[in-house]
Ligand code: HEM
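Dropping the structure here:
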C-alpha cells in the first residue's frame, strides 16, 4: 500500500497556527485595557514591553541562535524601548524591577528560544497598528515614546519575511518543532501575565 506523504507546514506557518488563538485573545485584552487613552496608560504598556525585551535580549546575543537566524543581533530593540521608558520618566527602580522579571523569564534552550523569538519578532507586525494609535492619540513618534514600535528601514514586511525564511530553512524533527511551539506559547503567556500585572493592576500569584 502506498503511504500518503504529507509535507510538514513551514515552521513559521506552524508556529502561527499553533498560537493564533492565544494571539487573538492577547491582542483583544491589550486593546480592552486602552493603552492609548492616556500617557499614564501607555506607560504601563511600555513597562510590559520592557519586560519582554529584557526576556529576549540574551537570545538576540546568543551565538548559536545568531548562526541559525542570520542578522539576529541587529533585530534587538532593547535600546529603543529603554529610551521610550526614559521619555516617560519610568523610574530607574521600575526599570530595574522589569529587567529582573524579564531576565528570569526564560531558560528555554535553543528550540524554545526559537519560539520566543518567533513571538517577539512577529509582534513587530502588529506594532504598525500600535504605532498609528500612538501617533494619532498620544502624539508619540519615532523620536519620543514609540521608538520600539517603528518598523525596520528595509520595510516592516520584508524584515519579517526574511526572519520567517530563516525559520523555515531550519530542519527540525516533529518533536523539535513542538518544542519551539512551547517556547512561542511560553512567550505569549509571559506577555499576558505582564499585561495583567502592569496594565490591569493585578498582582502576580504569590510564589508557593
Ligand atoms: C493590541 C496589541 C496587538 C495587536 C493589535 C496586534 C495585531 C497584530 C496584527 C494585525 C498582526 C498581523 C499583521 C500582518 O499579518 O500583516 C500581528 C501579528 C503578530 N503578532 Fe500581534 N498584535 C498585538 C500584540 C502582540 C503581542 C503583544 C505579541 C507578542 C509579544 C504579538 C505577536 C504577534 C505575532 C507572533 C505575529 C505574527 C503572526 C504570524 O504571521 O506568524 N502581537 N499582530
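Residue numbers (this note's numbering): 51 to 258. Glycine residues also receive a C-beta, built at the ideal position from the N, C-alpha and C atoms. Since this is a predicted model, take the numbers as computed values, not measurements.
Which listed residue (the options) has its alpha carbon closest to that of residue i
{"i": "residue 147", "options": "105, 124 and 157", "result": "105"}
{"i": "residue 242", "options": "111, 130, 136 and 169", "result": "169"}
{"i": "residue 114", "options": "101, 220 and 247", "result": "220"}
{"i": "residue 188", "options": "84, 63 and 72", "result": "84"}
{"i": "residue 144", "options": "81, 239 and 99", "result": "99"}
{"i": "residue 67", "options": "172, 97 and 192", "result": "172"}
{"i": "residue 112", "options": "157, 81, 151 and 186", "result": "157"}
Alpha-carbon to alpha-carbon, residue j and residue i
{"i": "residue 65", "j": "residue 133", "result": "31 Å"}
{"i": "residue 95", "j": "residue 249", "result": "6 Å"}
{"i": "residue 122", "j": "residue 56", "result": "31 Å"}
{"i": "residue 117", "j": "residue 139", "result": "37 Å"}
{"i": "residue 125", "j": "residue 110", "result": "7 Å"}
{"i": "residue 101", "j": "residue 72", "result": "19 Å"}
{"i": "residue 93", "j": "residue 227", "result": "36 Å"}
{"i": "residue 178", "j": "residue 74", "result": "16 Å"}
{"i": "residue 141", "j": "residue 149", "result": "12 Å"}
{"i": "residue 245", "j": "residue 251", "result": "8 Å"}
{"i": "residue 97", "j": "residue 218", "result": "32 Å"}
{"i": "residue 247", "j": "residue 89", "result": "18 Å"}
{"i": "residue 82", "j": "residue 212", "result": "32 Å"}
{"i": "residue 192", "j": "residue 182", "result": "11 Å"}
Close-in-space but distant-in-sequence residues of the same chain around residue i (CB under 6 Å, 5 per side omitted)
{"i": "residue 153", "result": "104"}
{"i": "residue 202", "result": "209"}
{"i": "residue 214", "result": "62"}
{"i": "residue 155", "result": "105 and 240"}
Beta-carbon gap between residue i and residue j smaller than 8 Å
{"i": "residue 197", "j": "residue 130", "result": "yes"}
{"i": "residue 180", "j": "residue 208", "result": "no"}
{"i": "residue 167", "j": "residue 210", "result": "no"}
{"i": "residue 128", "j": "residue 107", "result": "yes"}
{"i": "residue 222", "j": "residue 59", "result": "no"}
{"i": "residue 63", "j": "residue 238", "result": "no"}
{"i": "residue 119", "j": "residue 225", "result": "no"}
{"i": "residue 86", "j": "residue 137", "result": "no"}
Cutoff 8 Å; reference residue i; Cβ partners in own chain excluding five residues on either side
{"i": "residue 205", "result": "none"}
{"i": "residue 91", "result": "83, 84, 85 and 249"}
Beta-carbon proximity list for residue i, same chain, < 7 Å, skipping 5 on both sides
{"i": "residue 256", "result": "With a pLDDT of 43 at residue 256, under the threshold of 50, the predicted position of this residue should be treated as unreliable, though the coordinate-derived value follows. So no residue of the chain qualifies."}
{"i": "residue 229", "result": "161 and 162"}
{"i": "residue 190", "result": "184 and 196"}
Notebook entry, point to check: If you pair each beta-carbon of the stretch 233-240 with each one of the stretch 155-174, do three or more pairs fall below 8 Å?
Noted result: As far as the Cβ criterion goes, the stretch 233-240 touches the stretch 155-174, which means the pair count is three or higher.
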